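Visitor: What follows is a single structure, and I will ask about it in a moment.
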Amino acid sequence: MTNAPVTPDLKASHRTRHLMAENIQNMSEIKEDEAGKAFIACARCKARKRRCDGNKPSCRGQVQINRWIPTLPDFLIKSNFPRSLQELKTNIASPGRFTRLLPQHMGMRLMQNSYEDISVSDLLDWPDFLVILNAQYDESCDSPGRETARWALVNAALACATQFKMAPGSEQDIAPIWRALYQNAQMVLQDIVEEKACLVSVQALLCMAMAADYDEQHSDHGLLVRHAVSKLKEVRGLDQRGNLEYERAVRVAYTMYERVHSVV
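The numbering used here applies: residue 244 is where the sequence shown begins, and numbers increase by one.
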């Protein structure tokens with residue numbers, strides 16, 4: 244009996260070559276955790292250049308962002324939004340007075356939906372910022388309370404998120420809210436500059452500079468960056484070894500500083 248020649252499975256062969264090529268392409272994305280276990284970083288973490296645990300369907304960082312707030316809050320329902328917007332605009336204070344923070348459920352939702360896409364996330368991870376945000380809401384929604392730098396940081400971050408989420412054509416409606424939040428931070432600027440330097444004051448100044456950078460009408464971006472660098476030099480005198488937030492503030496501050504001084 245003659246053995247018939249074995250006909251290769253062309254489809255299987257093609258699939259094997261495809262998988263090999265895909266594995267080679269993904270090699271640069273494979274990382275190892277502290278235990279030496281290999282994983283592939285998710286697209287969001289790769290884009291943000293953040294540490295990723297590779298969990299599926301969502302990594303730990305994304306789970307931390309997603310778990311805090313319901314999917315569709317009442318104020319975003321189409322029939323409710325005009326009334327909610329009008330209430331926010333009505334609460335804007337006159338010049339020289341603090342405007343009340345956005346209602347906490349709105350502020351939380353706004354920050355959650357935009358945090359990874361605004362520059363504030365270069366300074367603080369979401370769980371760390373959330374602690375600061377909740378602390379301000381817990382103490383006061385109407386004024387800085389005991390920590391002016393925290394107030395400035397929260398308002399500047401909300402201003403950045405508001406600007407980022409502002410749809411084309413909605414500037415006339417949304418801009419007054421953005422400006423009121425930014426003004427809240429501006430009103431304590433002198434206090435921050437005169438107070439003893441701390442890491443939060445540096446973060447607040449950098450966040451204010453980010454907010455100012457969203458709007459061409461604000462010419463104080465460069466001044467805020469210089470204040471932040473000056474405060475950073477004061478903070479450097481303290482023992483900051485191993486402080487990741489300090490290292491991130493240094494990177495952000497000097498990147499912004501170089502950009503300011505590269506403008507002719």
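Glycine included, C-beta positions come from ideal geometry on N, C-alpha and C.
Model, not experiment: these values are computed from the prediction.
#1: Which residues in the same chain have their Cβ closer than 8 Å to the Cβ of L449, if we skip the five residues on either side of it in sequence?
#2: What do you get for L487, buried or exposed, if any count of 16 or more other CB atoms within 10 angstroms of its CB means buried?
#3: Report back the beta-carbon spacing between A447 and A395 to the nearest angstrom; my notes put them in contact at under 8 Å.
#4: Of all the options C295, S444 and N298, which has the alpha carbon lying nearest to the alpha carbon of A428?
#5: Which full runs of the alpha helix (DSSP H) of 4+ residues lie inside the stretch 430 to 494, going along the chain?
#6: Within 10 angstroms of the Cβ of A454, are there 16 or more other Cβ atoms? Answer buried if so, exposed if not.
#7: What number of angstroms, rounded off, separates the C-alpha of G350 from the C-alpha of G339?
#8: By DSSP, does S386 sit in helix, in strand, or in coil?
#9: Please return the same chain residues whose Cβ sits closer than 7 Å to the Cβ of A378, not counting the five positions on each side in sequence.
#10: Rounded C-beta distance between A404 and S357? I'm assuming under 8 Å.
#11: To the nearest angstrom, how far is it from the Cα of T391 to the Cα of D434?
#12: By alpha-carbon positions, which one of N298, S364, N398 and F372 ends up nearest to R422?
#13: State yes or no: is the C-beta of M430 within less than 8 Å of the C-beta of A400?
#14: Excluding the 5 residues flanking C302 on each side, which residues of the same chain have their C-beta closer than 7 Å to its C-beta?
#15: Decide if P387 is buried, meaning its Cβ has at least 16 other Cβ atoms within 10 Å, or exposed.
#16: Would you identify the three-state DSSP class for G297, choosing helix, strand or coil?
#17: Rounded to whole angstroms, what is the Cα-Cα separation between P325 and K408?
#18: Tell me which residue opens and which closes the alpha helix (DSSP H) that G339 is part of.
#19: Below 8 Å on the Cβ atoms is my contact criterion, and I expect Q347 with Y380 to pass it. Report the Cβ-Cβ distance as a whole number of Å.
#20: Would C508 and L424 qualify as a contact pair, given that the criterion is a beta-carbon distance under 8 Å?
Guide: In short:
#1: L366, L467, V468, A471, A492, V495, A496 and M499
#2: exposed
#3: 4 Å
#4: S444
#5: 432 to 437, 442 to 456 and 464 to 479
#6: buried
#7: 23 Å
#8: coil
#9: R393
#10: 4 Å
#11: 7 Å
#12: N398
#13: no
#14: C285, C288, C295 and D296
#15: buried
#16: coil
#17: 16 Å
#18: It is not in any alpha helix (DSSP H) - G339 carries neither H nor E in the DSSP assignment.
#19: 5 Å
#20: Absent from the structure is residue 508, since the part of the chain shown begins at 244 and ends at 507.
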